[in-house]
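In terms of the numbering used here, the sequence shown opens at residue 1 and continues consecutively.
The C-beta atom is built at its ideal place from N, Cα and C for all residues, glycine as well.
Working notes for the structure below.
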Amino acid sequence: MTRIVDGRKIASEILEGLRTKIKTLGLKPRLAVIQVGDDPASSSYVKMKKKMGEAVGLWVDLKNYPKNISQDELIAAIAASNSDPRIHGILVQLPLPSHLTRAVVLNSVVPAKDVDCLTSTNKEALVSADPVFLPPAAAAVMKILDYYKIELINKNILLVGSGDLVGQPLGEIFSKKSIPFKIANRHTGNLSELAASADIIITGAGQPGLVTGEMVKSGAVVIDAGTTGSDEGAVVGDVEYESVSKKA
1 MTRIVDGRKI ASEILEGLRT KIKTLGLKPR LAVIQVGDDP ASSSYVKMKK KMGEAVGLWV
61 DLKNYPKNIS QDELIAAIAA SNSDPRIHGI LVQLPLPSHL TRAVVLNSVV PAKDVDCLTS
121 TNKEALVSAD PVFLPPAAAA VMKILDYYKI ELINKNILLV GSGDLVGQPL GEIFSKKSIP
181 FKIANRHTGN LSELAASADI IITGAGQPGL VTGEMVKSGA VVIDAGTTGS DEGAVVGDVE
241 YESVSKKA
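Pasting the structure below:
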C-alpha cells in the first residue's frame, strides 16, 4: 500500500520546536539571505525561506543584488555580513549568474555563519568531524527516514545525483554510519537497472521526470529531493509522481 510522505506535518513539528527554542534564546537570530538577480525560481525559494524563518521568530534580512554585480562587489557585500555581529547566519541563494565563480563566492562566507554547509571548511567537517551544520536538504531527507522509521541496514540504497546539496552530503552521512549505498546520476547508463533493484531511492539530480514508475520496484521507498525551477517560479522534482506513486 502506497504511503505518501506528509512533509507539511513533519515541517510543522520541526517549526514548532524551533519556535519554542528561539523564544528561550533571549535574542532574535538574524539570517542574511543573499540573492543575485531576479530568477523567478530563486525568488520563489527566497520568499519561502523568509516566510518560514519569520514564522519561527528569525529576523530574515533579504539582500538582493543586480545580476551584473561583479564578483569583488559581491564578496565585499558578504564580508560585511561576515563581520556584522547582529547577523548569525548567511545563505547565498543558488544558482548564481554565470560570470560569478560559485566556489569562490560560497567560500567567502565565514564557516560559523555558513548555514547551508557549502564552504569547503564545512564540507570537510562533514567528512572528518562533527559538522557545525548539515546541508538542509540532506538533513531533511534524514529526518524523513527517521520520522517514518525506515530501516537503512541491509537495504539496497540508491542515491540519484551527486551534487553538494543532496547526493554528496547524504553519501558522506551514510559512509560515516557505515551504511552501504550506490550513487548514480542522469548520465548513468544503467540507471534503470540500478533503480529496479533499489529498496530505497533518494533523488537530488535536478532533472524532472528522471525516475519513472517503470523503473521502480513495488514497495520501494522513494524520496524526491530534486528541485528544478521553471520560468514561472514553480518547483519540479526528479520523480514522475503519478507513475511512481502507484508502485512505491
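request  = Decide yes or no for the touch test of the segment 173–187 against the segment 216–234: beta carbon pairs closer than 8 Å, at least 3 of them.
outcome  = Flag = no, the segment 173–187 and the segment 216–234 do not touch.
key: P135 vs L165 beta-carbon contact at 7 Å   = Yes, the pair counts as a contact, with Cβ atoms nearer than the cut-off.
Cut-off 8 Å between Cβ atoms - residues of its own chain near L126, not counting five sequence neighbours on either side = C117, L134, P135, P169, E172 and I173, listed in sequence order.
task = Name the two residues that bound the continuous beta strand (DSSP E) containing N190.
result = Element bounds for N190: n/a, residue is neither H nor E.
ask   = From the DSSP output, which residues share a beta bridge with D130?
value = Under DSSP, D130 shares a beta bridge with no residue.
ask   = Taking the alpha carbon of L194 as the point to measure from, which residue in G213, N156 and T20 has its own alpha carbon closest?
value = If you compare the alpha carbons of G213, N156 and T20 with that of L194, the shortest gap goes to N156.
key: Touch test, the segment 93–106 against the segment 134–151, Cβ-Cβ under 8 Å, three pairs minimum   = Too few Cβ pairs lie closer than 8 Å, so no.
message = Since Q71 and T24 should fall inside the 8 Å C-beta cutoff, what is the C-beta to C-beta distance between them, to a whole number of angstroms?
response = About 40 Å separates the two Cβ atoms, so there is no contact after all.
query = Where in the segment 46–82 do unbroken runs of the beta strand (DSSP E), each at least 3 residues long, occur, reported from the N-terminal end onward?
reply = Runs of the beta strand (DSSP E) inside the segment 46–82: 59–65.
message = Please report whether the beta-carbon of K155 lies at a distance below 7 Å from any beta-carbon of chain C.
response = The chain inventory of the structure shown lacks chain C, comprising one protein chain alone.
request  = Please go through the segment 198–233 and give each complete beta strand (DSSP E) segment of 3 or more residues, from N-terminal end onward.
outcome  = Complete beta strand (DSSP E) runs here, min 3: 200–203 and 221–224.
query = What's the gap between the Cα of E124 and the Cα of L62?
reply = Straight-line measurement puts the Cα of L62 at about 28 Å from the Cα of E124.
query = Measuring CA to CA, which of K217, V60 and E240 is closest to T227?
reply = Answer by Cα proximity: E240.
ask   = In the DSSP assignment, what are the bridge partners of V160?
value = Answer by DSSP bridge pairing, in chain order: A184 and T203.
key: Beta-carbon proximity list for D114, same chain, < 6 Å, skipping 5 on both sides   = The residues are N122.
message = Please classify I201 as buried or exposed, where buried requires at least 16 neighbouring CB atoms within 10 angstroms.
response = With 16 or more Cβ atoms within 10 Å of its Cβ, I201 is classed as buried.
inquiry  = Just to check my reading of the structure: R30 and H88 have Cβ atoms closer than 8 Å, yes? What is that Cβ distance to the nearest angstrom?
reply    = The distance from the Cβ of R30 to that of H88 is about 6 Å, consistent with a contact at the 8 Å cut-off.
request  = Might you give, ordered along the chain, the residues of its own chain that have their beta carbon closer than 8 Å to the beta carbon of S243, omitting 5 neighbours on each side?
outcome  = Cβ neighbours of S243 beyond the five flanking positions: T212, G213 and E214.
inquiry  = As a quick exercise: from K67, I183, K246 and W59, pick the residue whose alpha carbon is nearest that of I90.
reply    = Among K67, I183, K246 and W59, the Cα nearest to that of I90 is on W59.
request  = Starting from I87, trace the alpha helix (DSSP H) both ways and give me its first and last residue.
outcome  = For I87, no alpha helix (DSSP H) encloses it, and the DSSP letter there is neither H nor E.
query = With a CB to CB cut of under 7 Å and the five nearest residues on each side skipped, what residues in its chain are close to G57?
reply = The beta carbon of G57 lies closer than 7 Å to those of R19, I22, K23 and K28 in the same chain, with the five residues before and after it left out.
task = Drop a sphere of 10 angstroms on the beta-carbon of G209, count the other beta-carbons inside from all chains shown, and report buried for 16 or more, exposed for fewer.
result = When all chains shown are included, G209 counts as exposed.
Option nearest A79 by Cα separation, candidates G237, V5 and V109 = When the alpha-carbon of A79 is set against those of G237, V5 and V109, the nearest one is in V109.
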